[in-house]
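Residue numbers (the numbering used here): 31 to 576.
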């Protein structure tokens, strides 16, 4: 299965991560679309998921504020669940019956956008954006990847995505190492795979936790979570590994990484670490919950290094817990052949705002203006931090942001409780949270505090920026409807084959000398050539439309 995790899951792992995705209160009149000048509100029926932790959307102060700003009156058609399967089932029932709203504000896959767009159920938004959505139009001009990922192969835009340029999320393949153990053993931060191996040996053999026992686990991780798998980080010292498609792109040509000699070299390295007892056996079987128990082991710390999208997916980042402060990020390791990569991905939601053919011309204009307002800072700030200004305040003169500029926003001491916020829509629709916006918060004095955690992740991520491949396969592309079903099957089968074989090679259940050729040949039985051909076509369309 794909090693991907949605941001909603990340937030559930660590409520504090809300800091990473958000905004803060700003004046109501800033960046308004001007729709509030309408003499009579335009009624819009909107289908959306209802987060059980939130106040019912019609009753929220936030909803009232959005309606006042945009001149719309929302008739909510909510599904009382954020479970994707439940929401999709209700959405499909509405589409099948023909009893559809004016706007869907639950995510359409790109295949659905093309399917229902070609049928006329979803209307093209190109002209509406051009005439009535200056914020969306500007975003399409300013953000290089946006237009290509919004535009279907037929040239139409059927959905407005959510933009969340979470800096630390975009470089999610991270390794965290116990800096206290490094200092105690007189070791430097490893920079190569050879140095890393020596550090792991020292962790295992030299009692860095000082309890007189050889109970240290040099390297651990966990499967089926956001970049918790050790192979994803380590393989990038041999060949680019995006941890999702396992594709590389060279001079515009899409190819598979997982059947190349460099991939074999990476497996040989990890197999050696495993046979030497330097990789925890549980790293390939345990889930995040099991690893959290290990990382928060009572008494002495026993974890030397681990892979995770953010530090708090292991040791608890909560008041009164300090173990997480022992760790820092390991930069991308350089492999024996000089390879030194990291994966750069962008959290671009699919069409989270789509207008249907049920909407009249007036309603369609009002709807696109609503979406356009959702691409403003006031919307992002109040949606994530509430209307009260309790969690974030305007920055004072002289307070500097991540880039050394005058900051716009400062997190309050209460910000650690922002996960308890019940107002707002819980990121169900489009929003614009660019890297520049997210970097406009005041830098805290001490990154190793709860308020400073987001800044710590930013500092950690700076070690990875610049090591991404020159060309990379996007995380989300339009696939021709005629190919979509086959791609789903191909991708599921091929990824399962790669991941299961990887574990078998690393743990020694398959022999890299005897079984490698048959492994490579096995891809032909899984329709790899056809799969790559389809994805090449999708990539070419993306580049053309961008």
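By construction, the Cβ of each residue, glycine as well, lies at the ideal position given by its N, Cα and C atoms.
Keep in mind it's a predicted model, so treat the numbers as computed, not measured.
Quick check on residue 567: does DSSP put it in helix, strand or coil? Position 537 of the chain shown, counted from the start, is the residue given in the question as residue 567. Reduced to three states, the DSSP call for residue 567 is helix.
Can you name, in chain order, every residue of its own chain whose Cβ lies under 8 Å from the Cβ of residue 65, other than the five neighbours on each side? Against the chain shown, residue 65 aligns to sequence position 35. Note that residue 65 has pLDDT 44, beneath the 50 cutoff, so the model's placement of it is unreliable and the number below is only indicative. Excluding positions up to five away in sequence, the list reads 99, 100, 101, 102, 396, 399, 400, 403.
Quick check on residue 358: does DSSP put it in helix, strand or coil? Sequence index remark: in the chain shown, residue 358 carries index 328 (1-based). Correct three-state label for residue 358: strand.
What are the boundary residues of the beta strand (DSSP E) that includes residue 580? This structure does not reach residue 580, given that the chain is present from 31 up to 576, and the question cannot be answered.
Quick check on the DSSP output: the beta strand (DSSP E) that includes residue 280 runs from which residue to which? Here residue 280 is taken as the residue at index 250 of the chain shown, counted from 1. From DSSP, the beta strand (DSSP E) with residue 280 extends over 277-280.
I'd like the list of long-range same chain contacts for residue 416, defined as Cβ closer than 7 Å, with 5 residues on each side in sequence excluded. Counted from its first residue, the chain shown places residue 416 at position 386. The answer, listed in chain order, is 451, 453, 454.
Under a three-way DSSP split, which group does residue 335 fall into? Position 305 of the chain shown holds residue 335. Here residue 335 sits in strand by DSSP.
Would you check if the region 504-516 and the region 235-242 touch, i.e. whether three or more CB-CB distances between them fall below 8 Å? no
Shortest alpha-carbon distance to residue 20 belongs to which of 97, 186, 85, 81? Look at the range of the chain in this structure, 31 to 576, and you will see that residue 20 is not part of it.
Neighbourhood of residue 134 by C-beta, 6 Å cutoff - its chain only, sequence neighbours within 5 removed: Indexing the chain shown from 1 puts residue 134 at position 104. Excluding positions up to five away in sequence, the list reads 77, 384.
Does the separation of the CB atoms of residue 266 and residue 337 fall below 8 Å? Position 236 of the chain shown, counted from the start, is the residue given in the question as residue 266. Position 307 of the chain shown, counted from the start, is the residue given in the question as residue 337. No, Cβ-Cβ distance for residue 266 and residue 337 is not below 8 Å.
Burial state of residue 433 (16 or more Cβ within 10 Å): Reading the chain shown from its first residue, position 403 is the one you call residue 433. So residue 433 counts as exposed.
Cβ neighbour criterion (16 or more within 10 Å) applied to residue 203: Reading the chain shown from its first residue, position 173 is the one you call residue 203. By the neighbour-count rule (16 or more Cβ atoms within 10 Å), residue 203 is buried.
First and last residue of the uninterrupted beta strand (DSSP E) at residue 208: Mapped onto the chain shown, residue 208 falls at position 178. Counting along the chain, the beta strand (DSSP E) containing residue 208 begins and ends at 205-208.
To the nearest angstrom, how far is the alpha carbon of residue 539 from that of residue 548? As a working mapping, residue 539 is identified with position 509 in the chain shown. As a working mapping, residue 548 is identified with position 518 in the chain shown. Roughly 14 Å between the two C-alpha positions.
Are the CB atoms of residue 553 and residue 524 within a distance shorter than 8 Å? The residue you call residue 524 lines up with position 494 of the chain shown. The residue you call residue 553 lines up with position 523 of the chain shown. Yes, they are a contact pair.
Can you round the beta-carbon distance between residue 364 and residue 308 to whole angstroms, since I take them to be within the 8 Å contact cut? Reading the chain shown from its first residue, position 334 is the one you call residue 364. Reading the chain shown from its first residue, position 278 is the one you call residue 308. That pair is no contact at about 18 Å.
Any chance you could list the alpha helix (DSSP H) runs of at least 4 consecutive residues sitting entirely within the region 107-162, in chain order? 114-127, 140-148, 156-162
Which listed residue (575, 462, 147, 566) has its alpha carbon closest to that of residue 279: Position 249 of the chain shown, counted from the first residue, corresponds to residue 279. Closest by alpha carbon: 566.
Quick one: what does DSSP say residue 473 is sitting in, helix, strand or coil? Mapped onto the chain shown, residue 473 falls at position 443. Reduced to three states, the DSSP call for residue 473 is coil.
Residue 579 burial status per 10 Å Cβ neighbour count (16 or more: buried): The chain is shown from 31 up to 576; residue 579 falls before or after that span and cannot be answered.
Proximal residues to residue 475 (C-beta, below 8 Å), its chain only, five neighbours per side dropped: In the chain shown, residue 475 corresponds to position 445, counting from 1. The answer, listed in chain order, is 482.
Round the Cβ separation of residue 84 and residue 456 to the nearest angstrom and send it over; I've been treating them as touching at under 8 Å. By 1-based counting over the chain shown, the position of residue 84 is 54. By 1-based counting over the chain shown, the position of residue 456 is 426. Correct: roughly 6 Å between the Cβ atoms.
Please say whether residue 182 and residue 144 have beta carbons closer to each other than 8 Å? Translated into the one-based positions of the chain shown, residue 144 becomes position 114. Translated into the one-based positions of the chain shown, residue 182 becomes position 152. Yes, Cβ-Cβ distance for residue 144 and residue 182 is below 8 Å.
Using the DSSP secondary-structure output, state which residues sit across from residue 422 in a beta bridge. Mapped onto the chain shown, residue 422 falls at position 392. 441, per the DSSP bridge assignment.
CB of residue 164 within 8 Å of CB of residue 180, strictly: As a working mapping, residue 164 is identified with position 134 in the chain shown. As a working mapping, residue 180 is identified with position 150 in the chain shown. It is not a contact, given that the beta carbons lie outside the stated cut-off.
Would you tell me roughly how many angstroms separate the C-alpha atoms of residue 441 and residue 305, rounded to the nearest one? Here residue 441 refers to the residue found at position 411 of the chain shown. Here residue 305 refers to the residue found at position 275 of the chain shown. Using only the alpha carbons, I get a separation of about 47 Å.
Would the beta-carbon of residue 312 fall within 8 Å of that of residue 325? In the chain shown, the residue the question calls residue 312 occupies position 282. In the chain shown, the residue the question calls residue 325 occupies position 295. Contact: no.
Name the two residues that bound the continuous beta strand (DSSP E) containing residue 248. As a working mapping, residue 248 is identified with position 218 in the chain shown. 247-250 is the span of the beta strand (DSSP E), which, as asked, contains residue 248.
Contact the region 214-221 vs the region 272-288: 3+ CB pairs below 8 Å: no
CB-CB length for residue 387 against residue 421, believed under 8 Å: As a working mapping, residue 387 is identified with position 357 in the chain shown. As a working mapping, residue 421 is identified with position 391 in the chain shown. With 8 Å as the limit, residue 387 and residue 421 do not qualify as a contact, their Cβ atoms being about 40 Å apart.
Cβ shell of residue 354 (< 8 Å), same chain only, five flanking positions each side left out: Walking along the chain shown from the start, residue 354 turns up at place 324. Answer for residue 354: 341, 342, 344, 345, 346, 347, listed in chain order.
How is the beta strand (DSSP E) around residue 283 delimited, first residue to last? For this step, residue 283 is matched to residue 253 along the chain shown. Unbroken beta strand (DSSP E) run through residue 283: 283-286.
With DSSP as the reference, identify every bridge partner of residue 463, one or two as the case may be. In the chain shown, the residue the question calls residue 463 occupies position 433. 194, per the DSSP bridge assignment.
Residue 458 (DSSP reduced to helix, strand or coil): In the chain shown, residue 458 corresponds to position 428, counting from 1. DSSP places residue 458 in coil when its eight states are reduced to three.
Can you grab the Cα-Cα spacing for the pair residue 160 / residue 459, in whole Å? As a first step, residue 160 is located in the chain shown; it is residue number 130 there, counting from the start. As a first step, residue 459 is located in the chain shown; it is residue number 429 there, counting from the start. Approximately 20 Å, taken between the alpha carbons.
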